[in-house]
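Read top to bottom, the protein sequences are chains A and B. To convert, note that position 239 of the first sequence is 239 in our numbering; the numbers rise steadily by one, no gaps. Offset between the second sequence (1-based) and our numbering: plus 476. Where a beta carbon is used, it is the ideal one built from N, C-alpha and C, also for glycine. Everything below concerns the one structure shown next.
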Amino acid sequence: MPNPLTPKERTRIPRQKMPEQEPLERRGNFAEVNLGFDFELAKQEAMRCLECANPKCVAGCPVGVKVKEFVALILDGKYLEAAAKVREDDVLPAITGRVCPQEDQCEGACVLSKKFSSVAIGYLERFVADYERQTGQVGLPPNAPPTGKRVAIVGSGPAGLSCAGDLVQQGHQVTVLEALHEIGGVLIYGIPEFRLPKEIVRQEVDNLRRMGVEFETDVVVGQTVTVDELLNEEGYDAVLIATGAGLPHFLNIPGEHLCGVCSANEFLTRVNLMKAYQFPEYDEPVFDCRDKDVAVVGGGNTAMDAIRSSVRLGARNAYLIYRRSEKEMPARIEEVKHAKEEGVQFMTLTNPVEFLGDEKGWLRAARCQKMELGLPDESGRRRPVPVPGSEFELPLHMVIIAVGTSGNPLVQSTTPDLRTNKRGYIEAADDTLKTSKRGVFAAGDIVTGGATVILAMGAGRKAARAIDAYLRSGQW
Amino acid sequence: MSTPIHDQRFRIAEARFLAPDVKLFRIVAPRIARKRKPGQFVIVRINARGERVPLTIADSDPRDGTITLIVQGIGKTTKQLNAMGPDDHLADVVGPLGKPSEVERFGTVVVIGGGVGTAIAYPTARALKSAGNRVISIIGARTRGLVILESEMRTISDELYVTTDDGSYAEKGFVTDKLKALIGAGRKIDYVLAIGPIPMMRAVAEATRPHGIKTVVSLNPIMVDGTGMCGGCRVLVDGRSRFACVDGPEFDAHRVDFDVLTKRNAMYRDAERLAMERFEKTGGRQETRSCRTR
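If you want it as structure tokens, here you go:
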């Protein structure tokens, strides 16, 4: 059914709002904040698409999801076909529909975003993916005839999963090796339940399993087995390294060893992977935030995830300390909005310089200084500079450090002929993601440094194409 | 899905008590058994609701694909683990993690094991012996029944001394008393490895520091992932944060800030107490059994 409205009429329809759990209610639970579009909202939103002859949204998507086509299928009520259309380019649609920074990608490129507001592409993607999941009729693509080639993928995060999905379709035998006890990488340990329910990750992983991908947990490549052993003793024809950027940065300021100071990785891993929010039903504890003053340092999605988790764990005051202004924050707009609604107090242009402890070694306060913005730095954002004489003490029981991560060196340090750059990331060719070692490819954050789920997935796809070409031709 | 290999993975092949609350396990983990070197550890999760706990590998047999763990029942998880027996399965065993012990020909080495620390010291002591060192071992325990691995340690030591705090067996006193006596007697000591409770390791460090004897300790901070991902296990060494899971677990004893380690290890004391109380109330039986049905 073609869209019955004229372009002008379409622009008059407002962008449909995502139904959400009320802030006061969701402060007390870990259930998903966004409730999802219903059929009516999805149809209304799909009506807004101008169906551009040259759709900018597709170009804006790191994996090139055929946005215009899947939105048109929604209008036709062909939800399963719409989901299948997304799946052609994106093996994890229920996940990307939830966690992509759409405002910087498809929606940012949408022509409507200039004068009106962009089509809610992320919400629509989530809608069709959820519909497909709930009907249990996931349209898995067929696999090509077996090639007899075996690929080991190191790491089961977004890059590894998307590469695995593509390679298994091309007829290769794929084994994904994961260090932790659950499959999904950052999707499991990093992103909280209230933003990405783990059941969704599990279902997407199950889809890959049904397609023939094999998974092995509890394997730390570099320690349990080396890349060379995978290629030689275990007979894999190619290896993809997709270990992510899992090593937390600290601030390197005095007092960071105090009890009550931890990395966002630790806090989120306890809460998400280990289900510490259900302690003592689950054994792993987490810092007891009830009636405590908690702060996170950082302005990215991880910072938002951490501080919003502390709110749900009962924090009395939840502060977000960020050294630049809100405009420079790398977090998704929706996360910032949700955090504020949930009562997180934003302390921008503020930077901790020391953590102060009590006699038992517990954090009692952070000494902070105010900042102002100077000239732009290499990231293009204005550099924060301290305001002299602006120091103050902020009483705190816990502080979570979320100022970025770097690559875990375990694979690189045990694979001598794998070239890395000076920041410790693996060097890989832009177009093929080939490393300096024959048969070994690398994709995702371990190449680029900390980025997004969708960029890692895009890199995983690119690696899959190059691995397929290598396995078929034998040419390096 | 399940293949024979997977049915075997992380199965307890053998379990027996060495002392009250101290149990030896042989666990099927072929990949780990093949790679493991003295001083390395594994992270264990006993069931689907379990926490991740680090345990040092006491021994391994690459031929039958098993690793040996010696576990002291202190908290909920270790007590629950010690209630498990042959043919039970652990949910997860991952490793080998951490850096292997530094094993060189130092000359005369003193290996000190306090309590269950003896189990951790044993594989490295054996490796030090094979590397051509003269190995003097001192193992200590609170009381007679808690002395473990005496005959194993005797086999790989040139000299073995046993101390008990209460004097119920062998020499009365602390391991450090014996160490100080050796130093005081003018024995030439080139290297000391001390593994045990934090106060013991700290005391050993203070005993050797004035004599400039290189001393290494194996630290046991709280860990989650064990691969460098969370930073929960960071210890202050020479004023710098180091991750025990990837930079350790062994560090130069004279540079470790034991005070910070002690305080950080007490961080979850309330939660640990709560978990223990709940566990004791239920007798811990139902939960343990659920491990069989993986």
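Can you have a look at residue i and say buried or exposed, based on whether 16 or more other CB atoms are within 10 angstroms of its CB?
i	result
ALA295/A	buried
THR350/A	buried
PHE39/A	exposed
VAL220/A	buried
VAL385/A	exposed
THR769/B	Note that THR769/B scores 33 on pLDDT, short of 50, meaning its location in the model is unreliable; the coordinates nonetheless yield the value given after this. Under this definition THR769/B is an exposed residue.
GLY184/A	buried
TRP476/A	exposed
LEU636/B	buried
ALA720/B	buried
SER263/A	buried
ASN523/B	buried
GLY170/A	Looking at the sequence provided, one finds Gln at residue 170/A rather than Gly. So GLN170/A counts as buried.
GLU477/A	Within the shown structure, residues of chain A are numbered from 1 to 476, placing residue 477/A beyond reach of any answer.
HIS687/B	exposed
In the DSSP assignment, find the unbroken alpha helix (DSSP H) run with residue i in it and report its ends.
i	result
GLY593/B	593 to 606
LEU622/B	It is not in any alpha helix (DSSP H) - LEU622/B carries neither H nor E in the DSSP assignment.
LEU470/A	Here residue 470/A turns out to be Tyr, not Leu, going by the sequence shown. Segment 453 to 473, the alpha helix (DSSP H) holding TYR470/A.
ARG26/A	23 to 26
LYS8/A	7 to 12
ARG133/A	121 to 135
ALA238/A	It is not in any alpha helix (DSSP H) - ALA238/A instead sits in the beta strand (DSSP E) that spans 238 to 241.
Under 7 Å Cβ-Cβ, which residues of chain A neighbour residue i?
i	result
GLU527/B	MET274, ASP283 and GLU284
THR703/B	ALA179, VAL220, ASN408 and LEU410
ILE508/B	THR224
ARG521/B	HIS181
Run through chain B and tell me which residues come within less than 9 Å of residue i, C-beta to C-beta.
i	result
GLY361/A	ASP735, VAL736, THR738, LYS739, ARG740, ALA742 and MET743
THR217/A	ASP568 and VAL570
LEU140/A	Residues of chain B passing the Cβ test: none, with the nearest at roughly 18 Å.
GLU266/A	VAL700, ASP701, MET705, CYS706, GLY707 and GLY708
PRO248/A	GLY704, MET705, CYS706 and GLY707
Kindly indicate which three-state DSSP category residue i falls into: helix, strand or coil?
i	result
ASN265/A	helix
ARG770/B	Unreliable placement is indicated for ARG770/B, whose pLDDT of 30 sits below 50; no coordinate value is reported for it.
TYR744/B	coil
GLU229/A	helix
HIS565/B	strand
GLU763/B	Low confidence applies here, because GLU763/B scores a pLDDT of 47, under 50, leaving its location unreliable; read the following figure in that light. The answer is helix: DSSP assigns GLU763/B an H, G or I state.
GLN484/B	helix
THR584/B	strand
TYR277/A	helix
LYS370/A	strand
VAL680/B	helix
ARG150/A	strand
GLN548/B	strand
CYS49/A	coil
ASP305/A	helix
ASP166/A	helix
PHE215/A	strand
LEU418/A	coil
SER478/B	Any answer about SER478/B is weak, because its pLDDT of 39 lies below 50 and its placement is not dependable; what the coordinates show is given next. Coil at SER478/B, not helix or strand.
VAL63/A	coil
LYS115/A	helix
VAL221/A	strand
GLY389/A	coil
ARG528/B	coil
GLN102/A	helix
ILE200/A	helix
Determine the chain B residues that contact residue i at a beta-carbon separation under 7 Å, and present them in chain order.
i	result
GLU256/A	SER717
GLN173/A	What GLN173/A touches in chain B: nothing, since even the nearest Cβ is about 15 Å away.
Within the continuous beta strand (DSSP E) that includes residue i, where are the two ends?
i	result
MET398/A	398 to 401
ALA491/B	488 to 495
SER627/B	Run containing SER627/B: none in the beta strand (DSSP E); it sits in the alpha helix (DSSP H), 626 to 632.
ASP293/A	293 to 297
So residue i contacts chain B; which residues on that side make the cut at Cβ distance below 8 Å?
i	result
VAL302/A	Strictly speaking, residue 302/A in this sequence is Thr, with Val absent from that position. Near THR302/A there are no residues of chain B at all, since even the closest Cβ is about 13 Å away, more than 8 Å.
PRO280/A	ALA747, LEU750, ALA751 and ARG754
ASP288/A	ASP746 and ALA747
Name, please, each residue of chain A whose Cβ falls closer than 8 Å to the Cβ of residue i.
i	result
LEU573/B	VAL220 and GLN223
If you measure beta-carbon to beta-carbon, which residues of the stretch 548 to 562 of chain B are closer than 7 Å to chain E?
-> No chain E appears in this structure, whose protein chains are A and B.
Segments of 3+ residues assigned as beta strand (DSSP E) that fall wholly inside the stretch 680 to 742 of chain B | Correct list: 690 to 694, 710 to 713, 716 to 719 and 726 to 728.
Mind pulling the beta strand (DSSP E) runs of 3 or more residues that sit fully within the stretch 305 to 374 of chain A?
-> Taking only runs of at least 3 residues, the beta strand (DSSP E) segments lying wholly in the stretch 305 to 374 of chain A are 317 to 321, 345 to 347 and 350 to 357.
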